[in-house]
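Each remark here refers to the structure printed beneath this line.
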Amino acid sequence: ILALTFTNKAATEMKERIAGFIGSDKDLPFVGTFHSYCVRLLKENNALLEHPFISILDEDDKRKLLSGILHRANMHQQLSARQVGYQISNAKNKLTALSHPASELFDHPLLPEVYSAYEKEKRESKCLDFDDLLLETVRLFKNNKPFKEQFQKQIRHVMVDEYQDTNLVQHELLKQMSLFNKKLVLDSICAVGDEDQSIYAWRGATVTNMLHFEKDFPGTTRIAIEQNYRSVQPILETANTVITNNTQRNPKKLWSERTGSNRIKQLTCMSEYQEADVITQLASIARTQEEKPSIAVLYRTHAQSRAIEEAFLKQGIPYKIIGGIQFYERKEIKDLLAYLKLVMNPFDRASLFRILNTPARGFGAKFEEQLYTVMAEQPFLTFKQASELLSKEMPPAKRKALAEFLAIFDDLTPESKPREAMQRIIDRIEYIAYLKKTYEGDDAQTRLENVQELLNAMSHFEAQKTSTISSFLDEVALMQEKLTASDDEEHKVLLMTLHAAKGLEFDIVVLAGLEEGILPTSRSLYENDDALEEERRLFYVGITRAKNYLLFSHAKFRYTYGQMVDQLPSQFLDELPKKHVVRDEADYWTHSQIRHFCADWLGYTQPEHEARKNSFAQLIQNKIENSPNSAHTKLTKKSKQAVSQKEFVSTPKEKSTDDLGFKKNQPVRHKTFGMGLVQEIEKKNANSIVTVNFKSGIKKIMSQFLEIV
């Protein structure tokens, strides 16, 4: 018997359960990950390999090897080791590296040469990388018939868990293990998985492995395991209704013996800051209860955590980021803030040495040591003065690099506006290009989103009268202090992306930021239907994490590029069943109304003295907010005007699927890009995508964002 899964933790748990069933941990079948089993097979049959190996490269070793190749070929300016490693891994996980020459594997003209050099160095070093473990095992099965026959005599039953997470190589490996002439020769093969939870396409997993299983393994019996022991029935019915909009799935209907009513709410908030306030009040009330329910806030991208984190810190709600780190602790954020810290404090050595070579400027360890020595021996010198002292002894090229570094800080003072100063720094150091070159795929995108969210935070702080670099850094420092103080607290609210939530469960779940361009992502809206279906599966995973209560929230406006931008509700919200989901417009609610809503929904009662205090506070708050001269009244009036002025953007126009109203060469207007001419119209699910030639170039735009002129 061979049992395969995806994590060592899951494998260990399976071993413990099996040992419990049979009463012994001796003579257990192999239970482990794909990679660990492939290592065993390859080492036991090393002599059969075309290129025997001794050791396995980890990711760091792989990156260093690629970096050396790029430098020797003088390609390190055009390509980064991280980028190349990502592309090579992608080719191997899609099986193309097994059957195609290097010249056909990559779009970039330099990559085939780098790939060939990388493979040659690995062979000569007698090494395999992590992706090779699977690929070389498939190759062994394909090329060595006696080995395959012997394996199939020894292994008679194969079981695989979490099959929806397999990539093409793993699916092919299972076929090679169990089939001969396309017929099953083992006694049994069992794959357990849920195609509705296939959410890892970005790392090579494909939902088609589940959908094609019956075709690829003739004689398969499919069993739907539909009873759910986690969630109340309304939550499961909501999940069932949403996922039926996907076509790439086998039909099933989750059900539960757990009943409940009024368990699901959908709230429309004015902005991400009001949304964060709602979440904070919900968490605050839930945490006062004796049973201390588990609470999770789920979102599409890490950048969305920032507003929620700030609200939690201000209200003293302890929290923990799962699968990530706190916003202001993320590397790219700390790097950029270090530049601002040097503006505020030119004697700050820690910040100076953090950014001196970020991005890389060619300053070596010797220069850093000299600079540190000068600043230590002459502590009244600023970093600029100390650098200028050393520059006299430097060669021209290094002197020029140092002058360019110092010029970054020209015209910036502690009184500068933080967002404007930060934007100048980002532009001057070409930080966006640096991130794109240094990181790859979703990792790069996440870091770019974090940088944009930092700028959004600065715009928000400026609107709250925190209008200088000095005051902004003070606010950040105070938030960090609150975070440190809450580290030992129990019953923390958990914040995580939807991907990180897979496999987990919570009493109360909040799905935040449910807007077009966030969930689903902008990319999925303009790509193929597969991408949109994966986003819907991600939404489904979020829904099914909830045991008792589920809140959907979205904002009408969100800070983007320094201004409030209209947001459309996610199209997935239209797919929710009206039977179970109660919708409320919270955009003009007061703080106390939000708190009352949360307490009422969860069925929690406050102590009498708390109720009296809140009642009095609400009375005062309402008097203030309803005063004709109050800031809230003015903001509300402005917001209402803004909504009415932008209604044609915020609300999609109803369009007949037969008559879209757009014709080729027809003039149209877009809020951002201005006037343009229609080039092409195409249908994507319920959306119409219009290709428009604007002055700034050709762009694909969803039809509801265009106005016919």
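The opening position of the sequence shown corresponds to residue 34 in our numbering, with each subsequent residue numbered one higher. Note that beta-carbon positions come from the ideal geometry of N, C-alpha and C, so glycine has one too.
Between Ser557, Glu463 and Gln411, which has its C-alpha nearest Glu548's C-alpha?
Ser557
Does the segment 72-88 come within contact of the segment 157-173, defined as at least 3 CB pairs closer than 8 Å?
yes
Compute the Euclidean distance between the alpha carbons of Ile731 and Ile462, then round it to the nearest angstrom.
29 Å
Starting from Arg702 and walking both ways along the beta strand (DSSP E), at which residues does that stretch end?
Pro700 to His703
Measuring only the C-alpha atoms, how far is Glu342 from Pro553?
23 Å
Do you know how far the Cα of Thr406 is from the Cα of Ser625?
57 Å
Below 8 Å, how does it come out for the segment 483-503 and the segment 362-371: are there three or more Cβ pairs, yes or no?
yes
Please classify Phe400: is it buried, with 16 or more other beta-carbons within 10 angstroms of its beta-carbon, or exposed?
buried
Just to confirm my understanding: we take Thr530, look at its own chain, exclude 5 residues before and 5 after, and list those with CB closer than 8 Å. What are they?
Leu331, Tyr332, Arg333, Thr334, His335, Gly356 and Gly357
Can you tell me which of the three DSSP states Gln209 falls into?
helix
What does a CB cutoff of less than 7 Å around Arg339 pick up in its chain, not counting 5 residues either side in sequence?
Phe360, Glu486 and Ala490
Quick one, which of Asp444, Leu468, Tyr467 and Ala466 has its alpha-carbon nearest Arg457's?
Asp444
If you reduce the DSSP assignment to three classes, tell me which class Gly349 lands in.
Of the three classes helix, strand and coil, the one that applies to Gly349 here is coil, per DSSP.
Hey, how far is the Cα of Thr684 from the Cα of Val723?
The predicted position of Thr684 is uncertain, since its pLDDT is 35 and thus under 50; a value taken from the coordinates is nonetheless stated next. Taking the straight line joining both Cα atoms gives about 17 Å.
Does the Cβ of Ala257 have 16 or more other Cβ atoms within 10 Å, making it buried, or fewer, making it exposed?
exposed
At the level of alpha carbons, what is the spacing between Glu324 and Cys302?
29 Å
How long is the line joining the alpha carbons of Phe649 and Ala344, rounded to whole angstroms?
Note that Phe649 scores 42 on pLDDT, short of 50, meaning its location in the model is unreliable; the coordinates nonetheless yield the value given after this. In this model, Phe649 and Ala344 are separated by some 23 Å (Cα to Cα).
DSSP state of Gly357, grouped into three classes?
coil
Residues in its own chain within less than 6 Å of Val615 by CB, not counting five upstream and five downstream?
Lys298
Taking three-plus beta-carbon pairs below 8 Å as touching, is the segment 224-231 in contact with the segment 188-208?
yes
What are the boundary residues of the beta strand (DSSP E) that His190 is part of?
Per DSSP, His190 belongs to the beta strand (DSSP E) from His190 to Val193.
If you drop the 5 nearest sequence neighbours on each side, which residues of the same chain put their C-beta closer than 8 Å to that of Gln281?
Glu228, Val240, Thr241, Leu244, Asp563 and Glu566
How many angstroms separate the CA atom of Lys347 from the CA atom of Lys95?
Going by the C-alpha atoms only, they are around 43 Å apart.
Where are the beta strand (DSSP E) runs, 3 residues long or more, that stay fully inside the segment 235-305, in chain order?
297-302
Which whole runs of the alpha helix (DSSP H) in the segment 484-547 are 4 residues long or more, in chain order?
Restricting attention to alpha helix (DSSP H) runs no shorter than 4 residues, the segment 484-547 encloses them at 502-518 and 531-534, ordered along the chain.
Under the DSSP definition of a beta bridge, which residues are partnered with Lys732?
Val725.
Going by other Cβ atoms of all chains shown within 10 Å of its Cβ, with 16 needed for buried, is Ala124 buried or exposed?
That one is buried.
Can you give the Cα-Cα distance for Ala36 and Pro284, rounded to whole angstroms?
26 Å
Evaluate Gln674 with the Cβ neighbour count: other Cβ atoms within 10 Å of its Cβ, from every protein chain shown; 16 or more gives buried, anything less gives exposed.
The pLDDT assigned to Gln674 is 43, lower than 50, so where the model puts this residue is not dependable; a value taken from the coordinates is nonetheless given after this. Classification for Gln674: exposed.
Of all the options Glu410, Arg363 and Ser420, which has the alpha carbon lying nearest to the alpha carbon of Phe386?
The candidate whose alpha carbon is nearest that of Phe386 is Ser420.
Sorted by chain position, which residues of the same chain lie with C-beta nearer than 8 Å to Lys374's C-beta, five sequence neighbours on each side aside?
Asp381, Ser384 and Leu506
To the nearest angstrom, report how far apart Ser317 and Ile350 are at their CA atoms.
7 Å
By the three-class DSSP mapping on this structure, what secondary structure does His587 have?
strand
In chain order, what residues of the same chain have a beta carbon less than 6 Å from the beta carbon of Lys417, not counting five sequence neighbours either side?
Leu439
Assess contact between the segment 211-226 and the segment 260-275, defined as three or more Cβ pairs (one per stretch) separated by less than 8 Å. Is contact present?
No: fewer than three Cβ pairs fall under 8 Å.
Tyr472 and Pro392 - do their beta-carbons sit closer together than 8 Å?
No, Cβ-Cβ distance for Pro392 and Tyr472 is not below 8 Å.
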